[in-house]
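Novice: Protein chains in written order, with the UniProt record's numbering: chain A, 1 to 403; chain B, 1 to 403.
Can you read through this structure? Questions will come right after.
Shown next, in the form of structure tokens:
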């Protein structure tokens, strides 16, 4: 009898969790499992702001996928997903194609620029390892030109968006800038860091007291916030923002990092599955509406928080929980049990780092700032490693600089 | 009685040697000595190719000038020299001016682009610390863009000139490239390094057997030599070279480093002292013709090697020997002894490094290659530190990775 074929697309938090849980849940003879990923490594999306600022080397934020796979049970295919043909139950990759009986779509998100002119071309987004090291090098390069060109604008950095990624990136930047100033003999007063946010507040959804703490910490380190200010256009030498009713203000900057929007993966949009900004409002068991053989998790999935009737923000925490749930549900399907589990996120906490030694957050309902929050952030970061790769991976790649 | 005022312009090998020798030779009451330099640090010009390639950090190639000065005897002024008014016996600095009784011009050289179109704008020259770290960062930045842009041309590096600096820089590059490939996940076969030289040979003036050794070593590491080939033009994306009689060949490269020409400092040219490419054919006692109170040393001085009736190439070795000679001659003038010493270079040897573990050279008339040559190169590098700053500076900044 032919074994069912399970294909997992993407080795981010959700996909890799699905694969590692399935390899434990299923016997070798129960299914063929294939994991497809563009790179041969997994990266910690939630650590990319550190690699982008240059405070943590990009090799610290990634690890070989093969290290966490049981190769007897899971086949790894390094390739890029081009198209999901849902009606034909197959996936087109760049170099080959794969038929499936069950598909797990865990392709991650993409930056959403909302059609703002020039953002795609001239702003960086903290989306993957390649982007992160390019941002790091771009900023360093601006500094390296300073002595020849004496152009303060080139040193300026604009962060678009005061959400989670924007604020965490700013936290790393204020740690990094003094080191760059020393490295390139630049006076620190020459370096401007600005955060531009269209919404009326920093970190919308966060406790206002914690937000205030974060803002005054970052302002104390020299960050200027322009809140309620929309970016209208991005150019190679800076941005234009709206000012009052009709006015436009130009802000010169050598580096613009866009950290304000996430959407699902564009592959979703040609799959025949209904979506909005490439995110699919999944069924309670995480399947795509109308497709009993397709599970969608992570940034491509939209799960409604019924308490507030708004979608949960896509986080690593939820993606991993979804991976666990999908692995269970697929194991049930393999065994012809049709009582699939309904997925409900279990939000243990949210911590937003402010550099390596400070943070704000809520953990198990308790508000934290400063060293305790920073400690918890590292515990959370290490937990992701532990959950996917076990204790050896955590010890190898974890963060233990607790003080 | 007013003390005579000795002004030394430039704290390179020649100027700093003059200052440190004068502070030993003269008593506090014999003269006022002022050393003027743009930066508060001295840098090892002969090590800049390492900082440029990124094989040695730029802080390793520089040290604080104050560390080697006796502040009771030498006043240090950090400023930029704008003009020498030889007839008025004064020097205009950016922020002030200085009158002198005796002037030592040790301002170093500049890159000579021979009017080749675009070289000044788009090619880098290994001229100082600022330039070196900019070259390093420029190359890294090209690598960091590779995964997004997949443009092999951006990885390509063209070195213009197969003289001493060009060859030494190539030696460092072939060590650095494998590390950059690893850092940015780039296949090494994608990276092209090319050396373009208008002259009919690599390292003109060097022993042909040694030249052959150097070329085959570098070729073995992937360097392509285009000898007898003149650069006609430089653009942001590469160079154009002459091919045959009238043809032009385009060579794409993300980085072009021009290492083919040195001239004296432009300040010379408005001083009223006769010069050619800002180099002054000095009198045997190192004074400028027609000016008994001005000594000129280092890259701005032209000293003829009478054995072959051609100028000595400007080297650190000669600049330091000139500094010693000038300090002696000035001490004589202070004591009204007019039998000034005639300067004759004492060439102990010349070693051209090929990375950190290989080199070619002639030392005390003996030809060396490989580890012994590389060892001698480091001895020479350390000797410069020892001669100017004594044993403590040598131990602090020297190169002791002999194997």
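C-beta: ideal position from N, C-alpha, C; glycine also.
Between residue 327/B and the rest of its own chain, which residues show a CB-CB distance below 7 angstroms, the 5 nearest in sequence each way excluded?
Specialist: Within the second chain, residue 327/B is the residue found at index 327, counting from 1. Cβ within range, chain order: 18, 21, 22, 25.
Novice: Against chain A, which members of the region 259-287 of chain B pass a CB distance test of less than 7 angstroms?
Specialist: none
Novice: Counting Cβ pairs, one atom from each stretch, are 3 or more of them under 8 angstroms apart for the region 53-63 of chain B and the region 168-177 of chain B?
Specialist: yes
Novice: Leaving out five residues on either side along the sequence, give the residues of the same chain with a beta carbon under 8 angstroms from the beta carbon of residue 228/B.
Specialist: Walking along the second chain from the start, residue 228/B turns up at place 228. 197, 198, 199, 200, listed in sequence order.
Novice: Pairing CB atoms from the region 260-277 of chain A with CB atoms from the region 159-168 of chain A, are three or more of them under 8 angstroms?
Specialist: yes
Novice: Hey, how far is the Cα of residue 132/A from the Cα of residue 36/A?
Specialist: Taking the first residue of the first chain as position 1, residue 132/A is located at position 132. Taking the first residue of the first chain as position 1, residue 36/A is located at position 36. Roughly 22 angstroms between the two C-alpha positions.
Novice: Only counting runs of 4 or more residues, tell me where the alpha helix (DSSP H) segments fall wholly within the region 54-122 of chain A, in order along the chain.
Specialist: 119-122
Novice: Can you give the Cα-Cα distance for residue 394/B and residue 286/B, rounded to whole angstroms?
Specialist: Numbered from its first residue, the second chain carries residue 394/B at position 394. Numbered from its first residue, the second chain carries residue 286/B at position 286. Going from the Cα of residue 394/B to the Cα of residue 286/B covers about 28 angstroms.
Novice: Could you check where the beta strand (DSSP E) with residue 185/B kicks off and where it finishes?
Specialist: Locating residue 185/B in the second chain gives position 185, counting from the first residue. No beta strand (DSSP E) holds residue 185/B; DSSP gives it neither H nor E.
Novice: Kindly say whether residue 55/B, judged by its beta-carbon, lies nearer than 8 angstroms to any beta-carbon of chain A.
Specialist: Against the second chain, residue 55/B aligns to sequence position 55. Interface criterion not met: the Cβ of residue 55/B is under 8 angstroms from no Cβ in chain A.
Novice: Going by DSSP, what residues sit across from residue 263/A in a beta bridge?
Specialist: Locating residue 263/A in the first chain gives position 263, where the first residue counts as 1. In the DSSP output, where bridge partners are listed per residue, residue 263/A has 110/A.
Novice: From which residue to which residue does the beta strand (DSSP E) around residue 194/A run?
Specialist: For the purposes of this step, residue 194/A is taken as the residue at position 194 of the first chain. Its beta strand (DSSP E) spans residues 193-197.
Novice: Determine, using beta-carbon pairs with one atom in the region 103-118 of chain A and one in the region 86-98 of chain B, whether at least three such pairs fall under 8 angstroms.
Specialist: no
Novice: So with Cβ pairs under 8 angstroms, would you call residue 122/A a contact of chain B?
Specialist: By 1-based counting over the first chain, the position of residue 122/A is 122. Chain B, which has no Cβ nearer than 8 angstroms to the Cβ of residue 122/A, makes this no.
Novice: Residues in the same chain with beta-carbon distance under 7 angstroms from residue 283/A, minus the five sequence neighbours each way, listed in chain order, please.
Specialist: On the first chain, residue 283/A is found 283 positions in, with the first residue counted as 1. Take residue 283/A, set aside five residues on each side of it, and the residues of its chain with a beta-carbon closer than 7 angstroms to its own are 289, in chain order.
Novice: Ignore the nearest five residues each way along the sequence and tell me which others in residue 89/B's own chain have a CB closer than 8 angstroms to its CB.
Specialist: Mapped onto the second chain, residue 89/B falls at position 89. The beta carbon of residue 89/B lies closer than 8 angstroms to those of 99, 100, 101, 103, 293 in the same chain, with the five residues before and after it left out.
Novice: Could you tell me which residues DSSP pairs with residue 157/A in its beta bridges?
Specialist: Stepping through the first chain from its first residue, residue 157/A is reached at position 157. 193/A, 255/A, per the DSSP bridge assignment.
Novice: How long is the line joining the alpha carbons of residue 127/B and residue 114/A, rounded to whole angstroms?
Specialist: Numbered from 1 along the second chain, position 127 holds the residue referred to as residue 127/B. Numbered from 1 along the first chain, position 114 holds the residue referred to as residue 114/A. Between residue 127/B and residue 114/A, the C-alpha separation is close to 45 angstroms.
Novice: Counting C-beta neighbours from all protein chains within 10 Å, is the total for residue 299/A 16 or more, i.e. buried, or is it exposed?
Specialist: Stepping through the first chain from its first residue, residue 299/A is reached at position 299. With 16 or more Cβ atoms within 10 Å of its Cβ, residue 299/A is classed as buried.
Novice: In chain order, what residues of the same chain have a beta carbon less than 7 angstroms from the beta carbon of residue 123/A, not counting five sequence neighbours either side?
Specialist: For the purposes of this step, residue 123/A is identified with residue 123 of the first chain, where counting begins at 1. The answer, listed in chain order, is 160, 234, 256, 257, 258.
Novice: Put residue 126/B into one of helix, strand or coil per three-state DSSP.
Specialist: What you label residue 126/B is simply residue 126 of the second chain in a count that begins at 1. The answer is coil: DSSP assigns residue 126/B none of H, G, I, E or B.
Novice: Does residue 71/A come within less than 8 angstroms of chain B when only Cβ atoms are used?
Specialist: Taking the first residue of the first chain as position 1, residue 71/A is located at position 71. Taking Cβ atoms only, chain B never reaches closer than 8 angstroms to residue 71/A, which makes this a no.
Novice: What is the C-beta distance between residue 242/A and residue 232/A, in whole angstroms, given that I count them as a contact (C-beta under 8 angstroms)?
Specialist: As a working mapping, residue 242/A is identified with position 242 in the first chain. As a working mapping, residue 232/A is identified with position 232 in the first chain. Confirmed, about 6 angstroms.
Novice: Any heavy atom of the ligand MN closer than 7 angstroms to the beta-carbon of residue 46/B?
Specialist: This structure does not include the ligand MN; it has no bound ligands of any sort.
Novice: Based on Cα-Cα distance, which residue from 134/A, 183/A, 170/A lies nearest to residue 134/B?
Specialist: The residue labelled residue 134/B in the question sits at position 134 within the second chain. Comparing Cα positions, the closest option is 183/A.
Novice: Over what stretch of residues does the alpha helix (DSSP H) that includes residue 37/B continue unbroken?
Specialist: To locate residue 37/B, count along the second chain from 1; it is residue 37. Careful: residue 37/B lies outside any alpha helix (DSSP H), inside the beta strand (DSSP E) at 32-37.
Novice: Give the single residue among 76/B, 112/B, 392/B whose Cα lies nearest to the Cα of residue 266/B.
Specialist: The sequence position of residue 266/B within the second chain is 266, counting from 1. With distances taken between Cα atoms, residue 266/B lies closest to 112/B.
Novice: Once the 5 residues before and after residue 368/A are set aside, which same chain residues still bring their CB inside 8 angstroms of it?
Specialist: For the purposes of this step, residue 368/A is identified with residue 368 of the first chain, where counting begins at 1. Closer than 8 angstroms at Cβ, skipping near neighbours: 351, 359, 360, 361, 362, 376.
Novice: On the DSSP bridge assignment, give the partners of residue 305/A in chain order.
Specialist: For the purposes of this step, residue 305/A is taken as residue 305 along the first chain, with counting starting at 1. Answer by DSSP bridge pairing, in chain order: 310/A.
Novice: Note down, in chain order, all residues in the region 126-156 of chain A with a beta-carbon under 7 angstroms from any beta-carbon belonging to chain B.
Specialist: Listed in sequence order: 130, 133, 134, 137, 138, 140, 141, 144, 145, 147, 148.
Novice: Shortest alpha-carbon distance to residue 41/B belongs to which of 225/A, 204/A, 185/A, 240/A?
Specialist: Along the second chain, one-based indexing puts residue 41/B at 41. Among 225/A, 204/A, 185/A, 240/A, the Cα nearest to that of residue 41/B belongs to 185/A.
Novice: Kindly indicate if chain B contains any beta-carbon less than 8 angstroms away from that of residue 43/A.
Specialist: Along the first chain, one-based indexing puts residue 43/A at 43. By this cut-off, residue 43/A is not an interface position.
Novice: Mind listing the chain B neighbours of residue 184/A? Cutoff is C-beta to C-beta under 8 angstroms, in chain order.
Specialist: Within the first chain, the letter at position 184 stands for residue 184/A. Correct list: 133.
Novice: In angstroms with no decimal places, state the Cα-to-Cα distance between residue 320/A and residue 338/A.
Specialist: For the purposes of this step, residue 320/A is identified with residue 320 of the first chain, where counting begins at 1. For the purposes of this step, residue 338/A is identified with residue 338 of the first chain, where counting begins at 1. About 22 angstroms.
Novice: Does residue 27/B pass the burial test, meaning 16 or more other C-beta atoms within 10 Å, or should it be called exposed?
Specialist: Here residue 27/B refers to the residue found at position 27 when the second chain is read from its first residue. Exposed, because fewer than 16 other Cβ atoms sit within 10 Å of the Cβ of residue 27/B.
Novice: Work out the CA separation of residue 85/A and residue 271/A for me, nearest whole Å.
Specialist: Start at 1 with the first residue of the first chain, and residue 271/A comes out as number 271. Start at 1 with the first residue of the first chain, and residue 85/A comes out as number 85. Looking at the two C-alpha atoms, the distance is approximately 6 angstroms.
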